[in-house]
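So the structure is just underneath, and the comments pick up after that.
Number of protein chains: 2
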Amino acid sequence: RKVLEKNDEIARLNRALIEGHGLFSINIVSSPGAGKTSILERTIERLRGSVRIAVIEGDVQTDFDAQRVARYGVPAIQIVTHGGCHLEAKLVQDALARLDLKELDLLVIENVGNLVCPANYDLGEALKVVVLSTTEGDDKPLKYPVMFRNASVLIINKTDLLPYVSCDLETVRRNALQINPQLRIFETSCTTQTGIPEWCRWLEERSRRPS
Amino acid sequence: RKVLEKNDEIARLNRALIEGHGLFSINIVSSPGAGKTSILERTIERLRGSVRIAVIEGDVQTDFDAQRVARYGVPAIQIVTHGGCHLEAKLVQDALARLDLKELDLLVIENVGNLVCPANYDLGEALKVVVLSTTEGDDKPLKYPVMFRNASVLIINKTDLLPYVSCDLETVRRNALQINPQLRIFETSCTTQTGIPEWCRWLEERSRRPS
Ligand SMILES: Nc1nc2c(ncn2[C@@H]2O[C@H](COP(=O)(O)OP(=O)(O)OP(=O)(O)O)[C@@H](O)[C@H]2O)c(=O)[nH]1
Ligand SMILES: Nc1nc2c(ncn2[C@@H]2O[C@H](COP(=O)(O)OP(=O)(O)OP(=O)(O)O)[C@@H](O)[C@H]2O)c(=O)[nH]1
Ligand SMILES: [Mg+2]
Ligand SMILES: [Mg+2]
Ligand SMILES: [Zn+2]
Ligand SMILES: [Zn+2]
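Those protein sequences? They're chains A and B, same order as listed. Using this note's numbering, read the first sequence as starting at 135 and increasing by one per residue. Using this note's numbering, read the second sequence as starting at 135 and increasing by one per residue.
So, in structure tokens, the structure goes:
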């Protein structure tokens, strides 16, 4: 398909630019409202003293998420797709031109809330992080498999809600590892901060610039 | 766009077939895991004695949802899109051919979990019902507006979780009505059954076949 070929070409340019500056980069994906921005807020709070972070936000409409992130003092660029259900490499390329990559250690791209289409569009990131909230149900890795197969990390978020939903953590893990045995799994809550330190340590280790 | 024109042509045929048999039909849409199938289960439990219901399920992979619904003794056809992020009229046309419409009062189509793309594809249904769970956040009507604009009904589900999430029902209603002032709004919980009777009554009133 011509569209994906063109997208992948630009993604390769993005990756060369990002990695050329020694940056680590992640593309965070999930259903709408799984907690991508909340996890970002917790992460920036904890890492902003040791890691220089910039965020590229992707949304169908509004700049609410960039506003939330900008409150923490990090550069945040909002891409509004005006109906597009996923980010594409060209949109990220334009956003990268507005950042000073020499001054950064970590680039986070938060994608449009959609558990299907973003799985197929490389943006030039080092890896994809898929967020699944406990409230969505434990069958999602089997029902929406491509996203879990193409991700390197799974964050199971909203573990504070486990007592009130019919989601079994072991089932989520088993289903996710059945689709992708290489997945590195974190369990977090943005309300209680459970699991956030482990996730931040993993991210910080990879964000170290070569000294 | 040629794709949408062709889709709308088939949707018109579907609608003529469905309405020609005196059936009411709804297309239920939401993010993954908002509770579409759970609401269907509660609805069928309550209406199966008075309304003859059939369900067409759409998913990227698996037939789990059709299996859940079939347990209640209603005809359930599973469409697997193998990666497609939304149902299209052609897939529904094929499914309709497998149902005996003369024996039905209500047709429910459960779409693929996606708050973006299904908003643009007419399947031939009478109207769209969008489900939003309290756990997704109260900003979603503004962030994913097209789905709320193209729907006639909004069901705010999982109200039993309100004490544990930062979602304000008044804000959800205000944001949704800002996008679409005509929306008919229900508030439900599939755990406590709150709001399910009101929703079922609304559905039953419209499902009455002309005697
Ligand atoms: N109880 C609980 N609520 C959470 C948690 N994380 C996020 N939330 C809530 O979930 C809702 C959605 O969170 P967001 O961070 O906006 O989710 P998102 O994935 O960025 O949403 P989009 O960008 O719109 O797709 C908000 O009401 C948050 O307060 C958590 O760990 N526990
Ligand atoms: N606490 C609570 N949990 C609910 C409610 N409704 C559904 N759930 C849970 O939410 C999860 C997802 O429900 P489903 O009915 O599978 O959602 P869905 O929208 O059909 O999901 P997909 O078809 O995969 O997009 C399951 O774990 C349900 O048990 C509710 O009102 N309250
Ligand atoms: Mg967000
Ligand atoms: Mg379902
Ligand atoms: Zn898409
Ligand atoms: Zn799509």
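Glycine included, each C-beta is placed from N, C-alpha and C at the ideal position.
Check: residue i C-beta below 7 Å from any heavy atom of ligand 2
i: LYS274/A; result: yes
i: ALA168/B; result: yes
i: ASP197/B; result: no
i: ASP294/A; result: no
i: TYR164/B; result: Sequence check: residue 164/B is Ser here, not Tyr. Checking every heavy atom of ligand 2 against the Cβ of SER164/B, one is found closer than 7 Å.
i: GLY258/B; result: no
i: GLY207/B; result: no
i: GLY247/B; result: yes
i: ASN291/B; result: yes
Short CB-CB distance (under 8 Å) between residue i and chain B
i: ASN148/A; result: no
i: LYS262/A; result: no
i: LYS136/A; result: no
i: THR328/A; result: no
i: ASN278/A; result: Asn is not the amino acid found at residue 278/A; the sequence shown has Tyr there. Yes, contact with chain B.
i: LYS274/A; result: yes
i: PRO166/A; result: yes
i: SER323/A; result: no
i: GLY192/A; result: no
i: ASN248/A; result: yes
i: GLU222/A; result: no
i: GLY154/A; result: no
i: CYS334/A; result: no
Residue i beta carbon near ligand 1 (any heavy atom closer than 7 Å)
i: ILE253/B; result: What sits at residue 253/B in the sequence shown is Ala, not Ile. Flag unset: Cβ of ALA253/B not near ligand 1.
i: SER300/A; result: no
i: LEU266/A; result: no
i: THR325/A; result: yes
i: LYS140/A; result: no
i: GLY271/B; result: yes
i: LYS262/A; result: no
i: LYS277/A; result: no
Classification of residue i by the beta-carbon crowding that lies within 10 angstroms, buried from 16 upward
i: SER300/B; result: exposed
i: LEU225/A; result: buried
i: THR328/B; result: exposed
i: ALA150/B; result: exposed
i: LEU288/B; result: buried
i: ALA210/B; result: buried
i: GLY192/A; result: buried
i: ALA168/A; result: buried
i: TRP333/B; result: buried
i: VAL264/A; result: buried
i: VAL163/B; result: buried
i: HIS220/B; result: buried
i: VAL137/B; result: exposed
i: LYS357/A; result: A query on residue 357/A cannot be resolved here, the shown segment of chain A reaching from 135 to 345 and no further.
Pick from the options that is closest to residue i, judged by C-alpha positions
i: ALA200/A; options: GLY218/A, SER341/A, ASN245/A and LEU288/A; result: ASN245/A
i: SER286/B; options: GLU153/B, LEU317/B, LYS292/B and LEU157/B; result: LEU317/B
i: VAL203/B; options: ILE187/B, ILE313/B and GLY217/B; result: ILE187/B
i: ASN309/A; options: LEU295/A, GLN327/A and ILE290/A; result: ILE290/A
i: VAL250/A; options: CYS324/A, LEU303/A, LEU221/A and VAL280/A; result: VAL280/A
i: PHE320/A; options: VAL306/A, GLY217/A and ASN284/A; result: VAL306/A
i: THR196/B; options: LEU235/B, ILE213/B and PRO209/B; result: ILE213/B
i: LEU341/A; options: PHE158/A, LYS136/A, PRO275/A and SER172/A; result: It should be pointed out that residue 341/A corresponds to Ser in this sequence rather than to Leu. With distances taken between Cα atoms, SER341/A lies closest to PHE158/A.
i: PRO297/A; options: ARG146/B, GLU222/B and THR325/B; result: THR325/B
i: LEU311/A; options: ARG335/A, ARG283/A, TRP336/A and ARG205/A; result: ARG283/A
i: TRP336/A; options: ILE160/A, ASP302/A, VAL208/A and GLU153/A; result: ILE160/A
i: VAL242/B; options: ASN248/B, ILE190/B and ASP228/B; result: ILE190/B
i: ASP234/B; options: ASP142/B, ILE152/B, SER323/B and ARG180/B; result: ILE152/B
i: ARG182/B; options: GLY271/B, ASN254/B, SER172/B and VAL208/B; result: VAL208/B
i: LEU303/A; options: THR269/A, GLY218/A, ILE313/A and PRO166/A; result: THR269/A
Cβ-heavy atom distance, residue i to ligand 3, below 7 Å
i: GLU244/A; result: yes
Min CB distance residue i to chain A below 8 Å
i: PHE198/B; result: yes
i: GLU179/B; result: no
i: THR269/B; result: yes
i: GLN195/B; result: yes
i: LYS292/B; result: yes
i: TYR298/B; result: yes
i: LEU295/B; result: yes
i: GLY217/B; result: yes
beta-carbon residue i near ligand 8 non-hydrogen atom, thresh 7 Å
i: GLN312/B; result: Of the ligands one can find in the structure shown, namely ligand 1, ligand 2, ligand 3, ligand 4, ligand 5 and ligand 6, none is ligand 8.
Beta carbon proximity, residue i to chain E, threshold 8 Å
i: SER323/B; result: Given the protein chain composition of this structure (A and B), no chain E is represented.
Neighbourhood of ligand 4 [Cβ distance below 5 Å to any heavy atom], ordered by chain position: Those residues, listed in chain order, are LYS170/B, THR171/B and ASP199/B.
What residues sit near ligand 5, counting only those whose C-beta is closer than 6 Å to one of its heavy atoms, in chain order? Spelled out in chain order, the answer is CYS219/A, HIS220/A, CYS251/A, CYS219/B and CYS251/B.
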